[in-house]
Each structure stands twice: as C-alpha cells, then as structure tokens.
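Student: Be aware that the sequence shown starts at 1, since it is given in my numbering, and climbs by one per residue.
Before anything else, here's the structure in question.
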Amino acid sequence: MDDIPLAPLNEGPRGRSPAGAPRPGHHGPGSFQEPPRRSFFYQALTALIGGIVGLAPLAAGVAVYLDPLRRKKTAASAVPVTSLDRIPDATSADAYVGLYKITANRQDAWNQYPNEPVGAVYLVVPKGTKEVKALNATCPHLGCFVDLQQSDKGYTFKCPCHTSAFHGDGSRIMPCVSPRDMDELKCDVVERNGRFDVSVVFENFQPGLEEKKPKT
Ligand code: FES
1 MDDIPLAPLN EGPRGRSPAG APRPGHHGPG SFQEPPRRSF FYQALTALIG
51 GIVGLAPLAA GVAVYLDPLR RKKTAASAVP VTSLDRIPDA TSADAYVGLY
101 KITANRQDAW NQYPNEPVGA VYLVVPKGTK EVKALNATCP HLGCFVDLQQ
151 SDKGYTFKCP CHTSAFHGDG SRIMPCVSPR DMDELKCDVV ERNGRFDVSV
201 VFENFQPGLE EKKPKT
C-alpha cells in the first residue's frame, strides 16, 4: 500500500490560512491588487509624464519670447550722411572737418525705433580733394564725445574727459590714455542722379580695448 503524504497540521490548502481565510496579499478568487512598490512606481511615472507634457507648451512659449535674443545681430549698413556738393571749402589750413549726427532705424530684441540718434561722425576732406574720411566721434578710451579744435594752422581732436588728443587723421597724440586711435569708418561716395552722396557704414566699438571690436 502506497504512503499518502500528510500535510503539516499547521498548514491548510495552498493560498489559504488554516482557517480557510485568504492569505495576506490574496483577496479571494478574481480579485488582484498590485504590490505597493509597483503601484508607487506607476504613480511616479504617470506624474513625470504628465509634468513633461504640461511643460512642453510653457517651454515653447518661453522659446518664442526669447527668440529675438538668440538671433545674431545683422551687419552694419551704410547710412546716408550728406552729399559732396553740400560739403563746404576747407575750414582750416589743410582740410574741411564737419560733425554729422547719425540716425538710424534701431532695433532691440522686441521693438523698432525709427530715426534714432545712434552716434556722430567727423567727415574730413583734405583741402583741394574730394576724398572723404569718416571718424567716429566717440572716444575709444571710455566713450566720451571728442571735440574738434581747429585754427588757421590746422585741426586736432581732443577728448574733454581724460585729455586724450588725436591728430587730424585720427591717430593718437602721445602720451595718450586712449588704447587705440579714433575709430575710422567705411565711407563711400556714390553718384545718384548726378549727385554724389556720402554714406558711412556706421558702427560703435567697445571702448577701452586696443582692437576695434563692434559693440553687440
Ligand atoms: S573718455 Fe576720452 S580720454 Fe577718457
């Protein structure tokens, strides 16, 4: 006769307590509850995905708002200043020197400002010529406005702030605290309908540096 294995006295059928009640973690036939740790993982994952989906429109809005700041500054363009026939004869022994304000359509990251004053240039025309040279009137030392000093003997430029002085061609008169000569600008004379227009590619440069570095 075969031996019949006996269940231990303190253990009932599988999945049931000795009294027939469901074991911890079991809730009877047909019912299923995830273990607490897995449930927490799903809740955290759902919250994370919800957060990402919710942040996407916000991030897009911020990107659109900041977009103008990310765009590169466009290159300086030529600004009409005067015409050759309006430039008078030499005002000193060796040249005509005149001061011209420069206005331009300025634009910052979000707004446009038409015809804003952006600086000034000295136009220099050596006596007996039609060659025009343009010097930025801002001192390269710390950005003060450079004065013109002229007499029968000639002309020079002088900065009232820290006494930097410059020859008529914009080069420094030593000793000089300015780290570089006056900033020369590209100047063009273009014929238009029989008139010779003088235009300048106007730029301001960073003060206090030896090299000409455009302001951003
Ligand atoms: S700003 Fe011109 S000398 Fe200092």
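Glycine included, each C-beta is placed from N, C-alpha and C at the ideal position.
The structure presented is a predicted model; accordingly, all values stated were derived computationally and were not measured.
#1: Going by the CB atoms, is the gap between D169 and K158 shorter than 8 Å?
#2: So V79 packs on V190, CB below 8 Å; how close in whole Å?
#3: Leaving out five residues before and five after Q206 in sequence, what residues of the same chain have Cβ atoms less than 7 Å from its Cβ?
#4: Please report the residue range of the beta strand (DSSP E) in which I102 lies.
#5: Around the C-beta of R86, are 16 or more other C-beta atoms found within 10 angstroms, so that it is buried, or is it exposed?
#6: Could you name the residues, in chain order, whose CB is less than 5 Å away from a heavy atom belonging to ligand 1?
#7: Report yes or no: do the stretch 175 to 183 and the stretch 111 to 121 share at least 3 C-beta pairs separated by less than 8 Å?
#8: With DSSP collapsed to three states, give me the class of F40.
#9: With a CB to CB cut of under 8 Å and the five nearest residues on each side skipped, what residues in its chain are close to V198?
#10: DSSP three-state label for A137, please.
Tutor: Checking against the coordinates, here is how it stands:
#1: no
#2: The pair is not a contact, with the Cβ atoms about 12 Å apart (cut-off 8 Å).
#3: K213, K215
#4: 95 to 107
#5: exposed
#6: C139, H141, L142, C144, C159, C161, H162, S164
#7: no
#8: helix
#9: P80, V81, T82, S83, L84, I87, L123, V132, C187, D188, V189
#10: coil
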